Structures are given as structure tokens and as C-alpha cells.
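For reference, the structure discussed in these notes is given below.
Numbering (this note's numbering), first residue to last: -11 to 573.
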């Protein structure tokens, strides 16, 4: 495919070596924003860098065309078609292109050019979050840190989402996706030998289906053995540390480490006071708390022996940044026939109730049915079910979804004969009964040690769902907020209006009731300060493996000597001078 316009522009721009000031929003991911102290920043790109970026895109277009024109094997064609399908935008009649809240940017339209380029895959309950990474090495083999953003292909610092790839996917489909990813690396199918020893780590979505997960990991290990170097410790007689499912407490440790690396996290850790954190994804919910070590161990003992069928490591006192920390993971499991329950009547407590928001809302549906309710009083009377394959979580062909694809309920809203105030009260009563029924949370709330730790934590870092106003029901993203104020904000929430429901803004009332009631039962003090933070566990997992985000621009490969640093510095200075000239003028 000829791309003369792009190539000509790239050549012209590359020869200029300098040019007009080109402001662009940095567009960093959540960790990137934290590194910039969570402030918007502008970045000047020299024309040299712009030319290199355009040339990269042109090369990618030409390479894709030549690969297709030469013809590929059946497996390559299948992998390309499958990859294109899962990467496609799914049209949403309410909001145009639907993007998962966890998703960020489009998939790459270009290839990596440096050996050591590859991927880190966060395999969650809603799909694969793919990070383009490289292993940073100096010529002597030592690590020298991250490449500066101006040395990275534009957009490659961000992750992108492969939705719908979960524990129910077939091994052949997963291998085909890996085949498709491999085609973007240098040398195509032969590139793995020069790969970065990347990783694919799964979280709660795979913990929900341990038997199916084992089969999928076996297929990944088989694929890895045929493509050495793409993954690190995966197959080849290794311990498979780089292609496996994380335990809940392990995920919690990564999350806390990532949060503490941010500016707010450093402030939190250096404050010298006990603190905690809470995070909720689609299937699991993690908490961690610091305090006197003896109390940490006493609380863990009070939680007792926990079932390990889905998660082998649900709670533990572990060292996080060298400090003893209690970590607990809650997993919500639906359609569980042999659910462990203790007690009777209102004192009955059952395992695997509380967890990540999607699964917990589905489990709440089951709880309502168990209580004799065939409708959901926590929904707006304007909520409407619609057919969607995602509704299988409710064992239904249709359900209520929000505009991000969040799974709200498979039940109809309670009819409008119940006054709004009575409906809100009934919802909160049922949510409270559901939260108090959870086995692990019940043991926590019965333990003076556990309640003391939570109550004495003066500050709490809130991650993921807990940090979003559209799910917590309170704004904790712009400053420290007292938990008492968050409780009050939650009680003032109302159901979605007809217009809001039509926009797909359903579910805030239910989600807030679940999350805030969980924090309340956990034992947070009304005076405890809460703050939403942006942090991704994957960044710490990558750091442990010597991986950093992004693919290098041509000529900027890690370890290369004699890169164009001087022209870059000159061009950046020239761009800054021009920007000053025009602004001053």
C-alpha cells in the first residue's frame, strides 16, 4: 500500500531538524499522571521526533500491507481476524463507542522496532489489558531505568484493552491472540528470541474459574515453549511465575506498593500514622491496613481458616515496602452450590458474598431472590433491561448495564407504587443485610483487633471503584474527605432520573450503597480522611520483572550508543525559544 503523503511529510519534517512549537497534552496513564504530581502538563515535541513518529506509522502501514499481500498461514490469518475482532469498537446506541472505564487507548497501528520490545498482560475479569513494554538494558547488561517519554513511540506508554477475553475463552482463541500480538514485534514470528521476557498475570476473573484457568495457562505455556523469550518464566520447566493467576493477597500487595509510589502515597507513608487502603475491581475487593504488628497478627488469627478453592492466599500479614501490613482479599462468587455458611437466621454468614462490583451486584441479585424479592429496589424506576451477552453474569439474556458496560442487575426495578423515600430505605436495609452476611467481613467485625486497626487508621487510600464518584457516590478525587462526610453524601444520593437512565448513568445508587456500607462495617472512623488515588498493580509487577512501559522510537533503542540526544536537546531548546518568542510577542 503506497503512503506517499505520509512518507513525504515524514521525510520533509525529519530534514527540518526544528520547527514550530507543537503543544500536546501528555495524555499519560494513571501512573504517568501521578509521576507528574497529578497535574496537567504540556510537552513540546521537536520536529525531529514528529518526523520519526510519522515515519514509524508509515513503515507500519507499509509493513502491514506487504504482510497481507504476501499471504500468511491459516493460523496467522485467523489470529489477525480474531485480534481485529476483539480490538474493534462496539457501538453503543447510548454513547457511541463504548470504552471500558479501565481501558485507555486504541490498539497499535504500528510495530515495535527494537529487540527487547514486548508485552505485559493484565488478564482481568473483563478482558486483557495489554501494556507495550521494553526491557531497559545498558550495553553492559545493567538496568538504567525508564526511557524518557520523548524517546517512546507516541501512545505506546498507554495500555489498551482486549475485551471479552476471559476464563471462558478457548485455548485456541488465546493462542491466536498471542500470535497476533507477536506480529507487532521485530521480525514477526522469529522476534520472541529477542523478546523482553514479558508476562501475563491474571487476577480475580481467573480466580473465579480455577479449573478453566488451569487449561488456559497450560495452552499459554505450550505456546510460550514454541516462542522462547516472549514470556519470561513460562513453560520450559520453570515455575511459571510469569504466566499464572495472582492470589488475592498478592494482588493487594502490588496495589498498595503502586499507590505508595505516587506523590500522595509517599505523603501517606511518611506521615507516621496508621493508614489503610481499599480497592475494588470487577470480581474482587482488596483492603490493607497498617498498625501495631501484634494487632495485625491478632486480626489475621481472628479471621480464621479461609477456604482456598478459588484463592489460595486470601489474607496474610506481609511485608510491603519493608513494613508489616495486613492484606485481605474478598472474592464474590455467584451460582455457588456449596456455599459455606455459618449460623442461622439474621446471624447467618456466607462465604464469597462481598467482592468486586460486577460480581457483588450479581451476588446481590441472588441475595434478593433468596429473600423473596423478585425485583430490585435499588434501581431507578426508569432503569431498563436490554439484551447483551454480558448479562450471562446474571444468568439472564437481558440486564441493566451502565454506559461503561458495568453490570448492574438482572432484575426489574421495583414498581413505582413504592414512594422514593421508602424505596431508598428498603434498598439500604437490604444492602446492609447483604454486607453483614459476608463470612469474612463478619469475622472482621466481630474482632476487636480488626476493628481497632480499621478505626485507628487516620487516612485511607481509595483505588479503582472506590475512587470514582460515579461508584462511591462522593467526590474523593480532589482532596482528603472525612469518612463521615462521605457517609452523608451517600445518604443524599437519589435514583437516576429518566434522562440519566437513558444516558446509561444507572447504578450509582446501588454501587454507592454497597461500597460505603462495606467501609462502614469495616470500621472506619467518621474522622478518618479518604482520598482517591490513581495506581495500577501492573506497574509494580512490571517493575519486579525489569520491564518498563513503551516502545522506543527508531534509533532510540535501549542500550544503543550515539543516539540523537544532542539534536534532540537542540531541537527542544529551539522549540522552547520559539514558543517564548510567539508568546512574548
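Built from N, CA and C at the ideal position, the CB exists for glycine as well. Note that the structure is predicted; figures quoted are calculated from it, not measured.
Buried/exposed call for residue i, threshold 16 Cβ in 10 Å
i           : result
residue 469 : buried
residue 103 : buried
residue 284 : buried
residue 333 : exposed
residue 30  : With a pLDDT of 32 at residue 30, under the threshold of 50, the modelled position of that residue is not reliable, and the figure given next carries that caveat. The residue in question, residue 30, is exposed, as its Cβ has fewer than 16 Cβ neighbours within 10 Å.
residue 618 : Since the displayed the chain opens at -11 and closes at 573, residue 618 lies outside it and no answer follows.
residue 84  : With a pLDDT of 31 at residue 84, under the threshold of 50, the modelled position of this residue cannot be trusted; read the value that follows with caution. Exposed: under 16 other Cβ atoms inside 10 Å.
residue 402 : buried
residue 486 : exposed
residue 375 : exposed
residue 347 : buried
residue 494 : buried
residue 417 : exposed
residue 171 : buried
residue 190 : buried
residue 22  : Only weak support exists for where residue 22 lies, its pLDDT of 33 falling under 50; the value from the coordinates is given anyway. Buried, since its Cβ has 16 or more Cβ neighbours within 10 Å.
residue 482 : exposed
residue 99  : buried
residue 204 : buried
residue 421 : exposed
residue 274 : buried
residue 455 : buried
residue 328 : exposed
residue 101 : buried
residue 395 : buried
residue 158 : exposed
residue 410 : exposed
Contact check, residue i vs residue j, beta carbons under 8 Å
i           : j           : result
residue 506 : residue 342 : yes
residue 184 : residue 235 : no
residue 330 : residue 427 : yes
residue 305 : residue 314 : yes
residue 262 : residue 435 : no
residue 459 : residue 503 : yes
residue 532 : residue 246 : no
residue 220 : residue 173 : no
residue 448 : residue 218 : no
residue 438 : residue 290 : yes
residue 340 : residue 357 : no
residue 169 : residue 211 : no
residue 344 : residue 397 : no
residue 510 : residue 442 : yes
residue 523 : residue 243 : yes
residue 308 : residue 241 : yes
residue 136 : residue 298 : no
residue 519 : residue 294 : no
residue 188 : residue 269 : no
Residues bridged to residue i [DSSP beta-bridge criterion]
i           : result
residue 318 : 273
residue 122 : 105 and 536
residue 110 : 117 and 189
residue 448 : 264 and 518
residue 140 : 540
residue 387 : 374
residue 329 : 338
residue 150 : 116
residue 312 : 307
residue 470 : 517
residue 401 : 364
Proximity test, Cβ basis, 8 Å: residue i and chain C
i           : result
residue 493 : Note that chain C does not occur in the displayed structure, where there is just one protein chain.
Closer than 8 Å is the cut-off here; do at least three beta carbon pairs connect the region 488 to 506 with the region 361 to 378? yes
Segments assigned alpha helix (DSSP H), at least 4 residues, entirely inside the region 219 to 307: 236 to 248, 251 to 258 and 281 to 291
Counting pairs of Cβ atoms below 8 Å between the region 141 to 161 and the region 113 to 121, do you hit three or more? yes
What ranges does the beta strand (DSSP E) occupy inside the region 482 to 539, keeping only unbroken runs of at least 3 residues that lie completely in it? 517 to 520 and 535 to 537
With a threshold of 8 Å, are at least 3 pairs of Cβ atoms found where one atom belongs to the region 533 to 542 and the other to the region 136 to 151? yes
Kindly provide the ranges of any alpha helix (DSSP H) runs that are 4 or more residues long and lie completely inside the region 403 to 466, ordered along the chain. 408 to 425, 427 to 433, 436 to 444 and 457 to 460
At least 3 beta-carbon pairs within less than 8 Å: the region 515 to 527 vs the region 376 to 384: no
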